[in-house]
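Worksheet: the structure to be examined is printed underneath.
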Amino acid sequence: MNIILLGPPGAGKGTQARRLVEERNMIQLSTGDMLREAKDSGTEMGERVAKVMAAGQLVTDEIVIGLIEEKLQGDNAGGFIFDGFPRTLPQADALGALLTKYGKSLDVVVEMQVDDEALVNRITGRFTCGNCGEVYHDDTKRPAKDDVCDVCGESDMKRRADDNADALRTRLMEYYKKTSPLIGYYYAKGDLRSINGLGEIEDVAGEIKAALS
Ligand code: AMP
Numbered sequence: 028m029n030i031i032l033l034g035p036p037g038a039g040k041g042t043q044a045r046r047l048v049e050e051r052n053m054i055q056l057s058t059g060d061m062l063r064e065a066k067d068s069g070t071e072m073g074e075r076v077a078k079v080m081a082a083g084q085l086v087t088d089e090i091v092i093g094l095i096e097e098k099l100q101g102d103n104a105g106g107f108i109f110d111g112f113p114r115t116l117p118q119a120d121a122l123g124a125l126l127t128k129y130g131k132s133l134d135v136v137v138e139m140q141v142d143d144e145a146l147v148n149r150i151t152g153r154f155t156c157g158n159c160g161e162v163y164h165d166d167t168k169r170p171a172k173d174d175v176c177d178v179c180g181e182s183d184m185k186r187r188a189d190d191n192a193d194a195l196r197t198r199l200m201e202y203y204k205k206t207s208p209l210i211g212y213y214y215a216k217g218d219l220r221s222i223n224g225l226g227e228i229e230d231v232a233g234e235i236k237a238a239l240s
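This note's numbering applies: residue 28 is where the sequence shown begins, and numbers increase by one.
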């Protein structure tokens with residue numbers, strides 16, 4: 028099964044994608060993670076996109092479509108979860124063409140609905156274990172021991188450079204201008220399932236499960 032998790036920054040796409048990877052042996056394709064890896068490993072492309080990402084703007088369609096095409100050629104185990112891709116109409120068209128090219132198809136697009144105020148709160152307090160990727164929050168989910176990951180025991184907590192109020196405003200603007208039209212696009216194709224992304228992680232996971240069945 029190949030699915031898209033669609034929603035604004037902070038909707039919980041990454042958290043839910045990681046659950047699906049564990050529970051269903053799916054492969055998470057997060058263009059944000061791929062771009063951050065390119066940046067951290069100092070590749071020429073990574074350096075080129077670093078400023079754009081830090082400001083909260085979208086990188087070019089060409090770059091992210093190229094990243095996705097590389098991954099689509101590999102093993103797809105229990106299917107792909109597209110997380111943070113597509114983010115523009117040209118990316119959505121390109122994904123459709125690539126899936127066809129590699130003999131695959133799209134099953135469901137899950138739209139995670141969260142109101143803007145909740146997004147701002149979620150994002151500005153967010154930090155992640157740099158080792159295993161577990162996500163924490165200053166107010167709602169602190170590790171049992173400060174700075175030590177509950178899941179893997181490492182002390183490597185990281186905050187994203189673009190999880191600040193200024194960059195978040197730009198990221199939200201980019202979402203409403205360029206990504207939200209995808210909701211109508213996939214609705215018209217008959218692929219869209221909208222869920223409430225505001226509840227507890229378990230509740231949202233249950234809604235996603237229902238949307239996929
Ligand atoms: P994310 O981790 O999905 O929030 O993405 C972090 C940043 O990476 C975004 O704010 C963009 O700068 C860039 N990015 C990730 N995915 C895409 C995409 N599909 N199209 C354009 N830029 C992207």
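Idealized CB from N, CA, C, for every residue including glycine.
beta-carbon residue i near the ligand AMP non-hydrogen atom, thresh 7 Å
i: S207; result: no
i: T127; result: no
i: R198; result: yes
i: M28; result: no
i: D189; result: yes
i: P36; result: yes
i: V136; result: no
i: R149; result: no
i: M139; result: no
i: F112; result: yes
i: G152; result: no
i: S132; result: no
i: V48; result: no
i: L116; result: no
i: T283; result: Given that the chain is displayed from residue 28 to residue 240, the structure contains no residue 283 and the question cannot be resolved.
i: M80; result: yes
i: L85; result: yes
i: V264; result: In this structure the chain extends from 28 to 240, so residue 264 is not present and cannot be described.
i: L33; result: no
Proximity of residue i and residue j at Cβ, strictly below 8 Å
i: T42; j: V91; result: no
i: L56; j: I108; result: yes
i: I224; j: G39; result: Looking at the sequence itself, residue 224 is Gly, so the reference to Ile does not match. Contact flag set, yes.
i: C179; j: P170; result: no
i: D173; j: C156; result: no
i: N52; j: K131; result: no
i: L219; j: V162; result: no
i: A81; j: M72; result: no
i: D110; j: A44; result: yes
i: L133; j: I31; result: yes
i: G83; j: A194; result: yes
i: E96; j: L125; result: yes
i: F154; j: R186; result: yes
i: L94; j: Y129; result: no
Three-state secondary structure (DSSP) of residue i
i: Q43; result: helix
i: K172; result: strand
i: R187; result: coil
i: V86; result: coil
i: Y129; result: coil
i: N148; result: helix
i: M139; result: strand
i: L32; result: strand
i: R196; result: helix
i: V178; result: coil
Short CB-CB distance (under 8 Å) between residue i and chain D
i: T197; result: Absence of chain D from the displayed structure is noted, only one protein chain being present.
**Message:** I want to know whether the region 203 to 211 touches the region 112 to 122 - three or more CB-CB distances under 8 Å.
**Reply:** Yes, the region 203 to 211 touches the region 112 to 122.
**Item:** At least three beta-carbon pairs within less than 8 Å, the region 195 to 203 to the region 118 to 128
**Value:** Touching, no.
**Asked** Is the region 136 to 154 touching the region 181 to 193 in the sense that three or more CB pairs, one from each, lie closer than 8 Å?
**Response** The region 181 to 193, when compared against the region 136 to 154, does touch it at the 8 Å Cβ threshold.
**Request:** Spell out a yes or no on whether the region 136 to 143 and the region 78 to 89 are touching, meaning 3 or more CB-CB pairs, one atom from each, closer than 8 Å.
**Result:** In this structure the region 136 to 143 does not lie against the region 78 to 89, because fewer than three pairs of beta carbons, one per stretch, are closer than 8 Å.
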